[in-house]
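One structure below.
In the UniProt record's numbering, the protein residues as written are 1 to 67.
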């Protein structure tokens, strides 16, 4: 009987972990889109500045996610 309780706790725990992971992934996607729009707005339509801004900011965001 005690073994079933442990299994239920593990299932609830993994359910919460998966929910947290989904929330973090959605937040990262939203922040990435926001960053792209901010870089494009700050670049003032210059393709070179947009490219440089994204080339610098995307690796920084990915590094932040990994660490």
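We put the beta carbon where it would ideally sit given N, CA and C, even for glycine.
message: What does the alpha-carbon distance come out to for the pair residue 34 and residue 27?
response: Rounded to the nearest angstrom, the gap between the Cα atoms of residue 34 and residue 27 is 10 Å.
- request: In the DSSP assignment, find the alpha helix (DSSP H) that holds residue 57 and state where it starts and stops.
  value: Counting along the chain, the alpha helix (DSSP H) containing residue 57 begins and ends at 47-66.
task: Determine the burial state of residue 65: buried for a count of at least 16 other Cβ atoms within 10 Å of its Cβ, exposed for fewer.
output: Its Cβ having fewer than 16 others within 10 Å, residue 65 is exposed.
message: Quick check: residue 53 and residue 30, are their CB atoms within less than 8 Å of each other?
response: No. Outside cutoff.
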